[in-house]
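Numbering (our numbering), first residue to last: 27 to 391.
Shown next, in structure tokens, is the structure this report addresses.
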Ligand SMILES: Cc1ncc(COP(=O)(O)O)c(C=O)c1O
């Protein structure tokens with residue numbers, strides 16, 4: 027069997043090895059040190075906000091849920107078409123989650139349906155809106171809706187690192203945002219994430235909570251119980267090297283997307299790109315296409331799998347997940363349709379011409 031082509035493997039090399047080696051040699055083999063500080067700073071420059079690097083995107087969301095008082099007897103309004111981590115921390119804190127469908131033109135959270143949910147739910151604690159597959163939600167419309175209903179907005183920008191919304195960096199809206207640097211993301215620290223906010227005090231509190239809520243005195247003093255969520259210095263070194271590579275990764279991901287567009291545009295296989303609004307410049311973290319039917323989508327997926335090439339259906343909407351069978355959803359049809367007909371294609375920045383030719387052969391014979 028030929029070597030497997032994965033969906034979105036990390037693209038790392040000599041720079042990552044060198045910086046991780048430097049971190050190792052510095053003696054800071056710990057969840058603090060110069061690389062973590064440098065990574066915070068550079069994430070701040072990338073995102074236009076203050077930043078704190080943490081152990082995962084999920085940890086970053088958990089810290090924000092703590093900050094915003096999410097807990098029993100609170101309600102969180104969230105995107106349905108996303109990964110479970112968007113709402114997992116809120117659920118674990120005992121909050122009720124209400125889901126909102128996608129907009130057919132963008133694939134991200136529908137603003138009219140969000141407005142409906144906000145009009146119905148009595149004083150929601152927070153709205154968590156998820157960017158998807160490398161593109162941003164409609165931040166301005168989200169901010170307006172949340173301001174009208176006096177609800178803080180958190181952007182789950184795990185999938186949009188490096189993208190822009192109307193020339194602003196991804197995640198730059200609302201009360202706060204998170205990035206993820208999981209192994210499959212556009213840049214990786216193997217596992218990692220970040221809390222981002224324009225409010226320096228919010229980020230300082232997140233950092234404090236991520237380090238056991240320790241008071242700044244010589245002994246261990248705690249007025250609150252915190253978490254052990256800070257990023258390791260070794261992994262932050264990986265992150266610093268990956269940030270240097272991000273522009274090239276984005277160029278490559280966009281070229282891969284163009285390759286699929288021309289392949290699917292030739293008429294052998296009718297598939298359209300996943301919706302993307304004009305307000306956002308996607309990184310094409312994943313190249314996602316919609317087929318005319320679920321049957322055809324499954325046939326294409328089977329062909330790829332037979333050639334040992336990984337692909338994956340679009341996110342199963344959270345309102346369809348068995349664990350959320352009792353949760354309320356506003357709309358739902360759009361996300362369900364995207365799930366049924368959508369396929370995420372291999373999108374690794376390290377894909378070679380030979381890999382792409384192999385994918386093309388598997389698709390069109
Ligand atoms: C939309 C979204 N939110 C949150 C996460 C969680 O991030 P992590 O895996 O770093 O915890 C991910 C990806 O893993 C994601 O795709």
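Cβ coordinates follow ideal geometry from the N, Cα and C atoms, glycine included.
Report the CB separation of residue 261 from residue 309 in whole angstroms; it is logged as a contact under 8 Å.
The Cβ separation is near 21 Å, so there is no contact.
Just to be sure I understand the criterion: a residue counts if its Cβ is closer than 6 Å to at least one heavy atom of ligand 1. Which residues meet that?
Neighbourhood of ligand 1, defined by CB distance below 6 Å to any of its heavy atoms: 82, 83, 84, 108, 109, 111, 112, 156, 182, 184, 185, 206, 208 and 219, in chain order.
Figure out for me which residue from 204, 342, 338 and 108 has the closest Cα to the Cα of residue 33.
338
Three-state secondary structure (DSSP) at residue 380?
helix
Validate contact between the segment 148 to 163 and the segment 37 to 57 using beta carbons, cut 8 Å, 3 pairs:
no
Chain-order list of residues whose beta-carbon lies under 7 Å from that of residue 230 (same chain, five-residue window excluded)
none
Whole-angstrom distance between residue 73 and residue 224, CA atom to CA atom
10 Å
What do you reckon, are the CB atoms on residue 79 and residue 256 nearer than 9 Å?
Less than 9 Å divides the Cβ of residue 79 from the Cβ of residue 256.
Pick helix, strand or coil for residue 355, following the three-state DSSP scheme.
strand
Answer with buried or exposed for residue 334, where buried requires no fewer than 16 other C-beta atoms within 10 angstroms of its C-beta.
exposed
Compute every distance between the C-beta of residue 194 and the non-hydrogen atoms of ligand 2, then say whether any falls below 8 Å.
This structure lacks ligand 2; its bound ligands are ligand 1.
So, at 7 Å on beta carbons, what are the nonlocal neighbours of residue 92 in its own chain, with the 5 sequence-adjacent residues on each side left out?
235
According to DSSP, is residue 191 part of a helix, a strand, or is it coil?
strand
Helix, strand or coil at residue 307 according to DSSP, with G and I counted as helix:
Residue state, collapsed to three classes: strand.
What would DSSP say about residue 282, mapped onto helix, strand or coil?
helix
At 4 residues or longer, what runs of the alpha helix (DSSP H) sit wholly inside the segment 81 to 122?
83 to 93 and 114 to 118
Please report the straight-line C-alpha distance between residue 54 and residue 61, rounded to a whole angstrom.
Distance between the alpha carbons of residue 54 and residue 61: 9 Å.
What do you reckon, are the CB atoms on residue 175 and residue 145 nearer than 9 Å?
yes
Which residues DSSP lists as bridging residue 375, in chain order
None, per the DSSP bridge assignment.
Round the Cβ separation of residue 90 and residue 341 to the nearest angstrom and send it over; I've been treating them as touching at under 8 Å.
Approximately 21 Å separates the beta-carbon atoms of residue 90 and residue 341; this is outside 8 Å, ruling out the contact.
Of the listed residues 178, 264, 180 and 151, nearest to residue 207 (C-alpha basis):
264
So what does residue 40 bridge to, in DSSP terms?
As DSSP reads the structure, residue 40 sits in no beta bridge.
Just tell me which of 178, 200 and 164 has its CA closest to the CA of residue 192.
164
Excluding five sequence neighbours on each side, which residues of the same chain lie with their C-beta closer than 6 Å to the C-beta of residue 210?
34
Within 10 Å of its beta-carbon, does residue 245 have 16 or more other beta-carbons around it, so buried, or fewer, so exposed?
exposed
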